[in-house]
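Trainee: Below is a structure I'd like to ask you about.
In our numbering, the protein residues as written are 507 to 801.
The following block contains the structure:
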């Protein structure tokens, strides 16, 4: 007759042996490279099982993408269109900033060529009257701006200050039909008067003799006559000279050097001689007033 617990004892021994073998394999796999190759082969054999178990997820993704509703597609299309517009706007802003940087560099280069004291200003507005070429800048009497002060951009003379407030000023452009400026041909010194025509891109020379040595391409600069504009500032370039034998004067059309319709930053030029004279006059007036008060 066999013992009652022989089968259970044998099963227990088998379990113990399996546990011992398992622990031995685990320790061997951790601390020795003996089972590395076997583990790699087992991983390779397990790949198909992973792929099979992933089939339901892929089927679900395919179904979601294939059977997406028209409403969802329209919503996503609108969202992408909005993002494109946002990025385009940012790109335009970056382009505008780059262009403004170039204009400021040009303006500073123009400043280096000037001998007078200057002040940089920015345009704030333009006159709504199409017959009046007047712009408003963000500098006024607080910064020492005065009426008649010349205004330039990086390329040439723009106009002069005609009205001054504490923080703003109004500038009459040389293209205004009421504006005139004495000029001379930079090549030979021939003098003339450049008048505004009401066109931002055109000036006209008044009373130019038919025999005057003026050619297309000549650069006109301020002559300094009238003591309003200093000598030598670029004003315009001659574009057209028409001479009719039956007339005493030639018809001369010039294009302003300054970019009257696009410059945003300008230079206010301080005439040191004029300001010195003004300072001497004001000091003499104040001394006369004080002496009169003393008497």
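Ideal Cβ placement from N, Cα and C applies to all residues, glycine included.
1) Output needed for residue 676: all residues of its chain with C-beta closer than 6 Å, excluding positions within five of it in sequence on either side, in chain order.
2) Is the separation between the beta-carbon of residue 657 and that of residue 579 shorter than 8 Å?
3) Run the CB neighbour count on residue 562, radius 10 Å, all protein chains shown included, and call it buried at 16 or more, exposed below.
4) Going by DSSP in three states, residue 669 sits in which element: helix, strand or coil?
5) Once you ignore the five residues that flank residue 780 on each side, which residues in its own chain have a CB closer than 7 Å to its CB?
6) Would you list the one or two residues that DSSP bridges to residue 752?
7) So, for residue 628: in the same chain, excluding its five sequence neighbours on each side, which residues have a beta-carbon less than 7 Å away from its beta-carbon?
8) According to DSSP, is residue 679 part of a helix, a strand, or is it coil?
9) Are residue 741 and residue 726 closer than 8 Å when you measure CB to CB?
10) Helix, strand or coil: which one does DSSP assign to residue 561?
11) If you run the structure through DSSP and keep just helix, strand and coil, what is residue 733?
12) DSSP three-state label for residue 706, please.
13) Using 10 angstroms around the beta-carbon of residue 636, count the other beta-carbons present and answer buried if the total reaches 16, otherwise exposed.
14) My understanding is that residue 737 touches residue 751, with C-beta atoms under 8 Å, so please give their C-beta distance in whole angstroms.
15) I'd like to know whether the C-beta atoms of residue 691 and residue 722 end up nearer to each other than 8 Å.
16) Exposed or buried, what is residue 532 when buried is set at 16 or more other beta-carbons lying within 10 Å of its beta-carbon?
17) Around the Cβ of residue 530, are there at least 16 other Cβ atoms within 10 angstroms (buried) or fewer (exposed)?
18) With which residues is residue 687 paired in a DSSP beta bridge?
Mentor: Straight from the coordinates:
1) In the chain shown, counting from the first residue as 1, residue 676 sits at position 170. 640, 642, 668 and 669.
2) Counting from one through the chain shown, the residue named residue 657 turns up at place 151. Counting from one through the chain shown, the residue named residue 579 turns up at place 73. Their beta carbons are not under 8 Å apart, which means residue 657 does not touch residue 579 by this criterion.
3) Position 56 of the chain shown, counted from the first residue, corresponds to residue 562. Exposed, by the Cβ-count rule.
4) Along the chain shown, read from residue 1 onward, the residue named residue 669 stands at position 163. Three-state result, residue 669: strand.
5) Taking the chain shown and counting its residues from 1, one reaches residue 780 at position 274. Residue placement at residue 780 is flagged as unreliable, the pLDDT there being 48, under the threshold of 50; the coordinate-derived value follows with that caveat. No residues qualify anywhere along the chain.
6) For the purposes of this step, residue 752 is identified with residue 246 of the chain shown, where counting begins at 1. Answer is none; residue 752 lacks a bridge partner.
7) Position 122 of the chain shown, counting from 1, holds the residue named residue 628. Hits under 7 Å: 643, 644, 770 and 771.
8) Residue mapping note: residue 679 aligns to position 173 of the chain shown, counting from 1. In this structure, residue 679 counts as strand in the three-state DSSP scheme.
9) Taking the first residue of the chain shown as 1, we reach residue 741 at position 235. Taking the first residue of the chain shown as 1, we reach residue 726 at position 220. It is a contact, given that the beta carbons lie within the stated cut-off.
10) Walking along the chain shown from the start, residue 561 turns up at place 55. In this structure, residue 561 counts as helix in the three-state DSSP scheme.
11) For the purposes of this step, residue 733 is identified with residue 227 of the chain shown, where counting begins at 1. Residue 733: coil per DSSP, three-state reduction.
12) By 1-based counting over the chain shown, the position of residue 706 is 200. Looking at residue 706 - three-state DSSP - the assignment turns out to be coil, as it is neither helix nor strand.
13) Residue mapping note: residue 636 aligns to position 130 of the chain shown, counting from 1. Exposed, because fewer than 16 other Cβ atoms sit within 10 Å of the Cβ of residue 636.
14) The count along the chain shown starts at 1 and reaches residue 737 at position 231. The count along the chain shown starts at 1 and reaches residue 751 at position 245. About 34 Å separates the beta carbon of residue 737 from that of residue 751, a gap too long to meet the 8 Å contact definition.
15) As a position in the chain shown, residue 691 is number 185, starting the count at 1. As a position in the chain shown, residue 722 is number 216, starting the count at 1. Cβ atoms of residue 691 and residue 722: not closer than 8 Å.
16) Start at 1 with the first residue of the chain shown, and residue 532 comes out as number 26. Exposed, because fewer than 16 other Cβ atoms sit within 10 Å of the Cβ of residue 532.
17) For this step, residue 530 is matched to residue 24 along the chain shown. Per the 10 Å Cβ criterion, exposed.
18) Along the chain shown, read from residue 1 onward, the residue named residue 687 stands at position 181. 700, per the DSSP bridge assignment.
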